[in-house]
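Visitor: From first to last, the protein sequence lines stand for chains Y and Z.
First residue of the first sequence: 209, per my numbering; consecutive thereafter.
First residue of the second sequence: 209, per my numbering; consecutive thereafter.
Using N, Cα and C, we set each Cβ at its ideal position, and we do this for glycine too.
Quick one: the structure is below, and I'll ask about it shortly.
2 protein chains.
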Amino acid sequence: MAGVSIATVSRVINNSKPVNHDVRIRVLKAMEQTNFLPNAMARNLAKKESLLLGVMVPEVKNTVLDDLINGINQVSRLYGYNIMLSLTAGTLENELHYFNMFREIQADGIILASENLKEELVKGIKVSNIPLILVGRDSLDTVPTVHVDNVTAAYEAVTYLIQQGHRKIAMLRVRSGDIASGDHRYQGYVRALNEAGISIYKDWVVESGISVEDGITSMRKICEAESMPTAIFCATDRIAIGAMNYLLEIGLRVPEDVSIFGFDGIDMSSFIRPKLSTVKYSAEEIGMTAARNLIKLIRGEEISSRHWIVSHYLENRDSVCTLN
Amino acid sequence: MAGVSIATVSRVINNSKPVNHDVRIRVLKAMEQTNFLPNAMARNLAKKESLLLGVMVPEVKNTVLDDLINGINQVSRLYGYNIMLSLTAGTLENELHYFNMFREIQADGIILASENLKEELVKGIKVSNIPLILVGRDSLDTVPTVHVDNVTAAYEAVTYLIQQGHRKIAMLRVRSGDIASGDHRYQGYVRALNEAGISIYKDWVVESGISVEDGITSMRKICEAESMPTAIFCATDRIAIGAMNYLLEIGLRVPEDVSIFGFDGIDMSSFIRPKLSTVKYSAEEIGMTAARNLIKLIRGEEISSRHWIVSHYLENRDSVCTLN
């Protein structure tokens, strides 16, 4: 009707490439006359896109992941994409399994939160040609990632404690193998102590699970060490909240007796008393950046980087005291 | 090889119908000799099941829904089902949309958390013949549901406050239309006050959003009323935590000046100070019961009821004081 090719109509609808002004008007007029409504489904069929993004996270009992998912969801909707979530419990088996399911239902792209990404999965995803973005941690350099600079942020938090006069600083870390909250945050702790010429005391580094209850258990272990630290750097806010609860239960005051520093800036960190000092960043922003760039990859658009770092800052509240 | 029909082999593998003992042995022997491993996918193809459960929740920034999802996930894995989650933001449009996506990817059944379920969706689901279970609230009586007895639980919480000597009891409720945390919990509040012959004071009933920040805002409104209540019943723990934070900020003590009672028993309710008195129940149990019975429906097995009530109790901690 407009005397143009389907490709040209598509360009007009999607604004994907420049189209001559007169041609554009002709196409729009023809669309009006025929009541042609380019809906998501039709666009989808034409492009062989499902308009579906698969999101794989270990679990949802975790405010950081919730925020991340909300960020992904927000941007996806804006661009007309739907998301489906799967819970992997962080195991390679489940990751492979759900990745295959997403392939079967023809997801256009995948966002993966995985603390210990295995080469096997990366290869599988590459072969499948489905765009992937990894969130929350650094990666093998071939996979695009969005994350906080965990090493630097942890280094800054511990350096801040040292500047407040603390030299006996313990860390409740997450287990080795969990790249972001485990290894990288611990590296920052080590670097800060090294720079200040403080040696690391083995009994003051305790591996913790990631629940508040785990924080309670791990804090108890620190208290069983021969001497007490004056400050504890915790790999996550949930661990920090557990640690604070244990200290309060045994009659120690935070921060007068022991200072606590967290990481993540979850909303609860400002609703407990004392308010928790913590490394703050926006997990929502991580999700939004990941979704935005995944959609660019799907559409074959250029992306500005393969590694996006979401900024952080130290939110100094009431759980740290200055030593004289 | 065993000289039996495919249907018989299927019966042996799935234990779905009785099979003659000798036949059973023959089939198992043949399977052993041929290294035949009935995997999930093959079972799936034979049964035309996708072994996939669709789960629709409004959002994930909410501990109760996280626990619910974890419960669903746990039982689903046990039975060899996978789950895919979608976030509906609680709108009918999204619910219909994701329901259609689940139909397209041939989900075997759907678990839906929806505060204001519309007849339109229920009809769509019925036509599709996909088993559905609704969680978290009562329903139109044709849809199977798993939930807490919200009216009774709220009634008990407010009655407890009255028994502690409170007569000036405000409520931070969720908006009308949200069946469980909105209407039903409010009904319980009204019933308890009515029974005790206490009239309801309009300015002490405030509609709140569901975030902690909303709780802060709503508590401020109560404080702006002409007189202060001595106790606040909050429709959710997150609202209660917000209310407590606001009171602490303006220099009022909980429970000495104002008592607070929550609902949900989220983990944070025991990690804040004072520890929150609340209606406790297991959202995980709701999820598990829903998944278990959904799988029964999918398999055509009998279910014991169409309305499962998960039990609750009052967890009396430190946020309520007794008036003389």
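Identify whether residue 325(Z) lies in helix, strand or coil by the three-state DSSP scheme.
Guide: The sequence position of residue 325(Z) within the second sequence is 117, counting from 1. Here residue 325(Z) sits in coil by DSSP.
Visitor: Got a sec: which bits of the segment 256 to 269 of chain Z sit with their beta carbon under 8 Å from any beta carbon on chain Y, in order along the chain?
Guide: 260, 267, 268 and 269
Visitor: Give a yes or no on whether the C-beta atoms belonging to residue 438(Z) and residue 380(Z) are separated by under 8 Å.
Guide: As a working note, residue 438(Z) is residue 230 in the second sequence. As a working note, residue 380(Z) is residue 172 in the second sequence. No, the pair does not count as a contact, with Cβ atoms beyond the cut-off.
Visitor: Would you give the residue range spanned by the beta strand (DSSP E) that residue 353(Z) belongs to?
Guide: On the second sequence, position 145 is the one that residue 353(Z) refers to. From DSSP, the beta strand (DSSP E) with residue 353(Z) extends over 353 to 356.
Visitor: Any idea what DSSP makes of residue 449(Y), helix, strand or coil?
Guide: Counting from 1 along the first sequence, the entry for residue 449(Y) is found at position 241. Note: residue 449(Y) maps to helix in three-state DSSP.
Visitor: Do we get a CB-CB distance below 8 Å when we pair residue 294(Z) with the residues of chain Y?
Guide: Position 86 of the second sequence, counting from 1, holds the residue named residue 294(Z). Yes, its Cβ sits closer than 8 Å to a Cβ of chain Y.
Visitor: Taking CB distances under 8 Å as the criterion, tell me whether residue 506(Z) reaches chain Y.
Guide: Position 298 of the second sequence, counted from the first residue, corresponds to residue 506(Z). No, because no Cβ of chain Y sits closer than 8 Å to the Cβ of residue 506(Z).
Visitor: Could you tell me which chain Z residues have their CB closer than 8 Å to the CB of residue 277(Y), listed as they occur along the chain?
Guide: The sequence position of residue 277(Y) within the first sequence is 69, counting from 1. Result: 268 and 295.
Visitor: Enumerate in chain order the residues of its own chain whose CB-to-CB distance from residue 459(Z) is below 7 Å, with the five nearest sequence positions on each side excluded.
Guide: Walking along the second sequence from the start, residue 459(Z) turns up at place 251. None.
Visitor: Between residue 322(Y) and residue 484(Z), what straight-line distance do the alpha-carbon atoms span, to the nearest angstrom?
Guide: Looking up residue 322(Y) in the first sequence gives position 114. Looking up residue 484(Z) in the second sequence gives position 276. Cα to Cα, the separation comes out at about 34 Å.
Visitor: Determine the DSSP secondary structure at residue 476(Y), reduced to helix, strand or coil.
Guide: Here residue 476(Y) refers to the residue found at position 268 when the first sequence is read from its first residue. Residue 476(Y) falls in the helix class under three-state DSSP.
Visitor: At 8 Å on the CB atoms, spell out the chain Z contacts of residue 316(Y), in chain order.
Guide: Position 108 of the first sequence, counted from the start, is the residue given in the question as residue 316(Y). None at all; the shortest Cβ gap to chain Z is about 13 Å.
Visitor: Taking beta-carbon pairs under 7 Å, can you tell me which members of the segment 479 to 497 of chain Y lie near chain Z?
Guide: 479, 480 and 481
Visitor: Does DSSP put residue 483(Z) in a helix, a strand or coil?
Guide: Locating residue 483(Z) in the second sequence gives position 275, where the first residue counts as 1. Of the three classes helix, strand and coil, the one that applies to residue 483(Z) here is coil, per DSSP.
Visitor: Pick out whichever of 276(Z), 473(Z), 442(Z) and 313(Z) has its Cα sitting closest to the Cα of residue 394(Z).
Guide: Counted from its first residue, the second sequence places residue 394(Z) at position 186. With distances taken between Cα atoms, residue 394(Z) lies closest to 442(Z).
Visitor: Could you pull out every unbroken alpha helix (DSSP H) segment of at least 4 residues lying fully inside the segment 393 to 470 of chain Z, listed in chain order?
Guide: 393 to 403, 420 to 431 and 445 to 457
Visitor: Within 10 angstroms of its Cβ, does residue 514(Y) collect 16 or more other Cβ (buried), or is it exposed?
Guide: On the first sequence, position 306 is the one that residue 514(Y) refers to. Residue 514(Y) should be labelled exposed.
Visitor: For a test of the three-state rule: what should DSSP assign to residue 531(Z), helix, strand or coil?
Guide: To locate residue 531(Z), count along the second sequence from 1; it is residue 323. In this structure, residue 531(Z) counts as coil in the three-state DSSP scheme.
Visitor: Please work out which residues of its chain come closer than 7 Å, Cβ to Cβ, to residue 419(Y), disregarding the five sequence neighbours upstream and downstream, and give them in chain order.
Guide: The residue given as residue 419(Y) occupies position 211 in the first sequence. Apart from the 5 residues on each side of it in sequence, residue 419(Y) sits with its Cβ closer than 7 Å to the Cβ of 446 in its chain, given in chain order.
Visitor: What does the alpha-carbon distance come out to for the pair residue 246(Y) and residue 432(Z)?
Guide: By 1-based counting over the first sequence, the position of residue 246(Y) is 38. By 1-based counting over the second sequence, the position of residue 432(Z) is 224. With a pLDDT of 45 at residue 246(Y), under the threshold of 50, the modelled position of that residue is not reliable, and no figure is offered here.
Visitor: Considering only their Cβ atoms, is the gap separating residue 399(Z) from residue 363(Z) smaller than 8 Å?
Guide: Along the second sequence, read from residue 1 onward, the residue named residue 363(Z) stands at position 155. Along the second sequence, read from residue 1 onward, the residue named residue 399(Z) stands at position 191. Yes, these two residues count as a Cβ contact at 8 Å.
Visitor: Using 10 angstroms around the beta-carbon of residue 249(Z), count the other beta-carbons present and answer buried if the total reaches 16, otherwise exposed.
Guide: Start at 1 with the first residue of the second sequence, and residue 249(Z) comes out as number 41. With a pLDDT of only 41 at residue 249(Z), under 50, the local geometry of the prediction cannot be trusted, and the value read off the model is given with reservation. Under this definition residue 249(Z) is an exposed residue.
Visitor: Check the Cβ of residue 427(Z) against every Cβ in chain Y and list those closer than 7 Å, keeping chain order.
Guide: As a first step, residue 427(Z) must be located in the second sequence, where it is residue number 219. Near residue 427(Z) there are no residues of chain Y at all, since even the closest Cβ is about 13 Å away, more than 7 Å.
Visitor: Please work out which residues of its chain come closer than 6 Å, Cβ to Cβ, to residue 494(Z), disregarding the five sequence neighbours upstream and downstream, and give them in chain order.
Guide: Numbered from its first residue, the second sequence carries residue 494(Z) at position 286. 276, 343, 354 and 518.
Visitor: Just verifying my parser: in three-state terms, what is the DSSP assignment at residue 341(Y)?
Guide: By one-based count along the first sequence, residue 341(Y) stands at place 133. Assignment of residue 341(Y) by DSSP, reduced to helix, strand and coil, places it in the strand class.
Visitor: Taking the CB atoms as reference points, tell me whether residue 316(Z) and residue 260(Z) lie closer together than 8 Å.
Guide: Counting from one through the second sequence, the residue named residue 316(Z) turns up at place 108. Counting from one through the second sequence, the residue named residue 260(Z) turns up at place 52. With contacts defined as CB atoms closer than 8 Å, residue 316(Z) and residue 260(Z) qualify as a contacting pair.
Visitor: Are the C-beta atoms of residue 379(Y) and some chain Z residue less than 8 Å apart?
Guide: Locating residue 379(Y) in the first sequence gives position 171, counting from the first residue. Output row for residue 379(Y): interface = no.
Visitor: Assess, as a yes-or-no matter, whether the segment 465 to 478 of chain Y is touched by the segment 400 to 412 of chain Y under the definition of 3 or more beta carbon pairs within less than 8 Å.
Guide: In this structure the segment 400 to 412 of chain Y does not touch the segment 465 to 478 of chain Y; the number of beta carbon pairs closer than 8 Å is below three.
Visitor: For residue 508(Y), tell me which candidate among 339(Y), 293(Y) and 234(Y) has the shortest Cα-Cα distance.
Guide: To locate residue 508(Y), count along the first sequence from 1; it is residue 300. Considering only alpha carbons, the answer is 339(Y).
Visitor: For residue 501(Y), name the three-state secondary structure that DSSP assigns.
Guide: Counted from its first residue, the first sequence places residue 501(Y) at position 293. Three-state DSSP puts residue 501(Y) in a helix.
Visitor: List the residues of chain Y that residue 313(Z) touches, going by C-beta distances under 7 Å, in chain order.
Guide: Within the second sequence, the letter at position 105 stands for residue 313(Z). Per Cβ cutoff of 7 Å: 313.
Visitor: Can you name, in chain order, every residue of its own chain whose Cβ lies under 8 Å from the Cβ of residue 297(Z), other than the five neighbours on each side?
Guide: On the second sequence, position 89 is the one that residue 297(Z) refers to. Once the five neighbours on either side are set aside, the close Cβ partners of residue 297(Z) are 266 and 267.
Visitor: When we look at the beta-carbon of residue 299(Z) and count the other beta-carbons within 10 Å, is it buried (16 or more) or exposed?
Guide: Stepping through the second sequence from its first residue, residue 299(Z) is reached at position 91. Residue 299(Z) counts as exposed, since fewer than 16 other beta carbons sit within 10 angstroms of its beta carbon.
Visitor: Check the Cβ-Cβ distances between residue 422(Y) and every residue of chain Z, and say whether any is below 8 Å.
Guide: Taking the first sequence and counting its residues from 1, one reaches residue 422(Y) at position 214. With 8 Å as the cut-off, residue 422(Y) does not count as an interface residue toward chain Z.
Visitor: For the alpha helix (DSSP H) that residue 312(Z) lies in, which residues bound it at each end?
Guide: Position 104 of the second sequence, counted from the start, is the residue given in the question as residue 312(Z). Looking at the DSSP string, the run of the alpha helix (DSSP H) that includes residue 312(Z) is 300 to 312.
Visitor: Starting from the beta carbon of residue 169(Y), find every residue of chain Z whose beta carbon is closer than 7 Å, and list them in chain order.
Guide: Since the first and last residues shown for chain Y are 209 and 532, residue 169(Y) lies out of range.
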